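First to last, the sequence lines map onto chains A and B.
Per my numbering, residue 126 is the first one in the first sequence, and the count goes up by one each step.
Per my numbering, residue 126 is the first one in the second sequence, and the count goes up by one each step.
Here is the structure we will look at.
Protein chains: 2
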Amino acid sequence: MTSKSFLGELEQIALMAVRRLGRNAYGAAIRDEIEGWTGRSLSVSAVYVTLMRLEKKGHVRSWLADPTPVRGGKAKRYFEILPTGVEALQRARATMDRIWADLDTGTEAEVQ
Amino acid sequence: MTSKSFLGELEQIALMAVRRLGRNAYGAAIRDEIEGWTGRSLSVSAVYVTLMRLEKKGHVRSWLADPTPVRGGKAKRYFEILPTGVEALQRARATMDRIWADLDTGTEAEVQ
DNA sequence: CTATAATATTTACTTTGTAAATTTAACTGT
DNA sequence: ACAGTTAAATTTACAAAGTAAATATTATAG
Numbered sequence: 126m127t128s129k130s131f132l133g134e135l136e137q138i139a140l141m142a143v144r145r146l147g148r149n150a151y152g153a154a155i156r157d158e159i160e161g162w163t164g165r166s167l168s169v170s171a172v173y174v175t176l177m178r179l180e181k182k183g184h185v186r187s188w189l190a191d192p193t194p195v196r197g198g199k200a201k202r203y204f205e206i207l208p209t210g211v212e213a214l215q216r217a218r219a220t221m222d223r224i225w226a227d228l229d230t231g232t233e234a235e236v237q
Numbered sequence: 126m127t128s129k130s131f132l133g134e135l136e137q138i139a140l141m142a143v144r145r146l147g148r149n150a151y152g153a154a155i156r157d158e159i160e161g162w163t164g165r166s167l168s169v170s171a172v173y174v175t176l177m178r179l180e181k182k183g184h185v186r187s188w189l190a191d192p193t194p195v196r197g198g199k200a201k202r203y204f205e206i207l208p209t210g211v212e213a214l215q216r217a218r219a220t221m222d223r224i225w226a227d228l229d230t231g232t233e234a235e236v237q
């Protein structure tokens, strides 16, 4: 599609994790959140690439914080979901809800 | 991936359409169902490729019916969702429901 | 029998998902 | 002080999923 407004699966879940984590949304935390939610194991880089792509599309923004004085205290990159991202998420949810509602009424074969 | 049990987005929706359409699930009908549900326009071939891949994974089966005596009455290929497909669908739904429920309780920032 | 319709199928390409390898910046222990 | 260890980001390369265009097949309609 020339201009797609739908989210991929990981895109959607990553967006949800960023939203859920609020001011604590950085790579490893996001990864852990997703693993906890879905049971699927995931590398941090997968999260990164996904989020960077989402940033290009305007669904999130990110910034580099200062290095922290703890072991391995490299600067963390934090992510924040933007209004467009929230909307995309809500659209996806609404669509799925509608479909499931439709499905719950039974198959067409049963209906006719 | 070595062994993925998650469904892509279109895979999921196509599976739902097959289920919804019951004994009437063939290419064009599935495409129309998806377009109606999501508002996204889609070529039939996209549906096909997706469903064929799903068939390889054991989520659906398909068969070619007899040609019908109507204009353009080429043999239709019908699809049917298999138990594995139903399960995958239910897993996907359950996961999303859990995540949404979690999100609805507020962000971590708000919580703490 | 040529045009038109409805469908399936193949092919090729784009976007999304994913891990492995690499780099950076701090602490810890000696 | 400096070698090792830890936590993180970033790059790179490739696999899987999404998608349309082109092609083929089978039938009716003029």
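Using N, Cα and C, we set each Cβ at its ideal position, and we do this for glycine too.
Values in this document were obtained by computation on a predicted structure and should not be read as measured data.
Item                                                                                                                                    : Value
Hey, how far is the Cα of residue 190 (chain A) from the Cα of residue 200 (chain A)?                                                   : 5 Å
Would you mind working out which of A:180, A:133, A:218, A:138 sits nearest residue 204 (chain A), comparing C-alpha positions?         : A:180
Since residue 228 (chain B) meets chain A, which of its residues come closer than 8 Å, beta carbon to beta carbon?                      : 141, 144, 145
Would a check of beta-carbon distances place residue 202 (chain B) closer than 9 Å to chain A?                                          : no
Please identify the residue among A:198, A:193, A:175 whose C-alpha is closest to the C-alpha of residue 187 (chain A).                 : A:175
For the region 159-190 of chain A, which residues have a beta carbon sitting closer than 7 Å to at least one beta carbon of chain B?    : 162, 163, 165
Counting only beta-carbon separations shorter than 9 Å, does residue 220 (chain B) have a partner in chain A?                           : yes
For residue 233 (chain A), which residues in chain B fall below 7 Å Cβ to Cβ?                                                           : 145, 146, 147, 149
At 8 Å on the CB atoms, spell out the chain B contacts of residue 133 (chain A), in chain order.                                        : 133, 134
Determine the DSSP secondary structure at residue 196 (chain A), reduced to helix, strand or coil.                                      : coil
Just checking: is the beta-carbon of residue 138 (chain A) within a distance shorter than 9 Å of some beta-carbon in chain B?           : yes
Does residue 224 (chain A) get closer than 9 Å to chain B when you measure Cβ to Cβ?                                                    : yes
So who's on the other strand from residue 169 (chain A), going by DSSP bridges?                                                         : Answer is none; residue 169 (chain A) lacks a bridge partner.
Taking the DSSP output, what are the residues bridged to residue 225 (chain B)?                                                         : Answer is none; residue 225 (chain B) lacks a bridge partner.
Do residue 137 (chain A) and residue 226 (chain A) have their C-beta atoms closer together than 9 Å?                                    : no
If we ignore side chains and look at the alpha-carbon of each, how far apart do residue 140 (chain B) and residue 140 (chain A) end up? : 24 Å
Between A:197, A:210, A:233, which lies nearest to residue 145 (chain A) when the distance is taken from Cα to Cα?                      : A:210
Can you name the start and end residues of the beta strand (DSSP E) that residue 189 (chain A) belongs to?                              : 185-189
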